Amino acid sequence: MIRVLGIETSCDETAASVVTLEGDAAPKILSNIVLSQIEEHAAFGGVVPEIAARAHVEALDGIIEAALADSGAKLADIDAIAATAGPGLVGGLIVGLMTAKAIAAAAHKPLLAINHLEGHALTARLTDGLEFPYLLLLVSGGHTQIVAVRGVGDYQRWATTIDDALGEAFDKTAKMLGLPYPGGPNVEKAAASGDSTRFTFPRPMKGSAQPDFSFSGLKTAVRQAARAIAPLSDQDVADICASFQAAVADALGDRVSRALSRFRQEFPGKAEPALVVAGGVAANRTIKATLEALCAEAGFQFVAPPLKLCTDNAAMIAWAGIERLRAGIAQENATDFVPRSRW
Ligand code: KG4
Ligand code: ZN
């Protein structure tokens, strides 16, 4: 039996979790505490690194205590501590990793320095027991990537964004239209009563031989459209949001379908290939429906872990720790590990 305490502080969520794995049974999340700082950043329209770091300092000890209490385990029962060591905002990473080092040293436990993206990449194995290899689409406020997940520690990035992350494009679009932060859910809500055909926004990279994403041109087109018809009525805002979302779904779908074909070529023996989505943008129903349809057409299983485990959390970090321990590729006793904001 392996039992790991996970700690996540790379952006604006302070999180701790205990995950356990026993024999051949499915892993169990014994506790999963996430404290969002959204309200502290809302007034600024985005995450302010200094505020985030301070909030992590204030909250982390209590969150870890709560995660241990919730799990029913004592620190003595924990086999290892896994903490996000990058990429992310360096202030938060320092808070999380230093706290983990202190606990590991005091309790004589091994410390695992985990890459946040590995946490997202392996979540579908925690929730769905997915077998390698599979394709991952990570769409969050900081990342837009397609990754071929071939094994623990064996990831091949097939596409990334050459400018804005997709969540960032949602957030900036919301800001331009006077919608509150975080923008994604509010754009989706407004879009529900909008006409997605009123504006024809560009579909960046659609049809391109290069596999990457781009969203800044779309953002600029939205700004120009909004300026041209200002002052905006609620209906104008709804129509822009609906048209923006349609363009995003179309552009994203094009990139993903390209990656599905590549996956078929590179892993011809894989009987039931799967596409996993992770990140906050995966909550968007229009985007989800587009991806689901693509997968159905291409014969891929569509795996969307519960949103709570798709957005930033510490269960995925604890799980990545377990995967590394089990695979024998842990960076154990990473007491000298320095946080890497760009890992
Ligand atoms: O994964 P996440 O919670 O945090 C990180 O960025 O790591 O993702 C947050 C992002 C934000 O940009 C937010 O606007 C976006 O996900 N988002 C959405 C929706 N819900 C959250 N974007 C589009 N539609 C949504 N329903
Ligand atoms: Zn994340």
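Sequential numbering from 4 applies to the sequence shown in our numbering.
Backbone N, C-alpha and C fix where the C-beta goes; we use that ideal spot for every residue, glycine too.
Bear in mind the structure is a predicted one, so any value in this text is a computation, not a measurement.
Specify, as a first and last residue, the run of the alpha helix (DSSP H) that residue i falls within.
i: V7; result: It is not in any alpha helix (DSSP H) - V7 instead sits in the beta strand (DSSP E) that spans I5 to E11.
i: K311; result: L310 to C313
i: G99; result: V93 to A110
i: Q248; result: D237 to E269
i: G282; result: Note, G282: premise wrong, no alpha helix (DSSP H); not H, not E.
i: R226; result: S219 to I232
For residue i, verify whether its CB is less than 8 Å away from any heavy atom of ligand 1.
i: N35; result: no
i: E42; result: no
i: I290; result: yes
i: V341; result: no
i: V284; result: yes
i: A241; result: no
i: D174; result: yes
i: E171; result: yes
i: C244; result: no
i: C298; result: no
i: G272; result: no
i: V152; result: no
i: P308; result: no
Would you mind reading off the limits of the beta strand (DSSP E) that contains residue i?
i: E16; result: E16 to L24
i: N35; result: K31 to S39
i: I149; result: T147 to G154
Give me the Cα-Cα distance between residue i and residue j, rounded to the nearest whole angstrom.
i: A137; j: R265; result: Per the sequence presented here, residue 137 reads as Tyr, with Ala not at that position. One C-alpha to the other measures close to 12 Å.
i: V240; j: P207; result: 21 Å
i: A172; j: F218; result: 6 Å
i: L2; j: F202; result: The requested residue 2 does not occur in the structure, where the chain is confined to residues 4 to 346.
i: P188; j: N287; result: 7 Å
i: R153; j: L141; result: 16 Å
i: S236; j: A193; result: 12 Å
i: A229; j: A250; result: 16 Å
i: I41; j: P271; result: 43 Å
i: T163; j: P308; result: 21 Å
i: I289; j: S246; result: Residue 289 is actually Thr in this sequence, not Ile. Going from the Cα of T289 to the Cα of S246 covers about 11 Å.
i: E68; j: H44; result: 25 Å
i: G65; j: Q213; result: 46 Å
Could you tell me if residue i is buried or exposed, where buried requires 16 or more neighbouring beta carbons within 10 angstroms of its beta carbon?
i: P30; result: buried
i: Q268; result: exposed
i: Q238; result: exposed
Exercise for review: Could you name the residues whose beta carbon sits closer than 6 Å to any heavy atom belonging to ligand 2, keeping them in chain order?
Suggested key: H119, H123, S143 and D315
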